[in-house]
Each structure stands twice: as C-alpha cells, then as structure tokens.
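Working notes for the structure below.
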Amino acid sequence: MPIVIFRERGADLYAYIAKQDLEARVLQIEHNDAERWGGAISLEGGRRYYVNPQPGRPAFPISLRAT
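Per UniProt numbering, the very first residue in the sequence shown carries number 1; after that it's consecutive.
Pasting the structure below:
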C-alpha cells in the first residue's frame, strides 16, 4: 500500500507515489465535495488508486495511504 502525496498546482491536483517515483495529474475523484473527499482516484496514464474517504476536503499537500 503506497503512500500518495496529493498537492495542488494551479487549478489541478497532482498525486506523487514515492516508491514508484511517479507524479501524475488526478483526472477523477469519486468523492470530491465539502462533506467527503477520496474513494476511487484516477490518474493521468490510466493508473487507479483507492483512498479511504476523508471527512471533508483536506488542506493540500497531504499524504495518504492508497490501495
């Protein structure tokens, strides 16, 4: 289960997976509203991860465990 660092760059959200030295733009987030953030996350290049939903949108950058 990798640790993913999410950070905003301009209007886009990026995910960095350190063990794979991969940074990709986040294309879609299953839950992305004021009450809940996370779930299935799709990255540029076709990779998909799952992050346990967080209560509300977090402050970025943030490190979260993904599967």
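For every residue, glycine included, the Cβ atom is placed at its ideal position computed from N, Cα and C.
Asked                                                                                 : Found
Among Y49, Q54, L64, which one has its Cα closest to the Cα of N32?                   : Q54
Mapping the DSSP letters down to three states, classify A40 as helix, strand or coil. : strand
Whole angstroms is fine: what's the gap from I62's alpha carbon to F6's?              : 5 Å
At the level of alpha carbons, what is the spacing between E44 and R36?               : 22 Å
Rounded to whole angstroms, what is the Cα-Cα separation between L13 and G39?         : 15 Å
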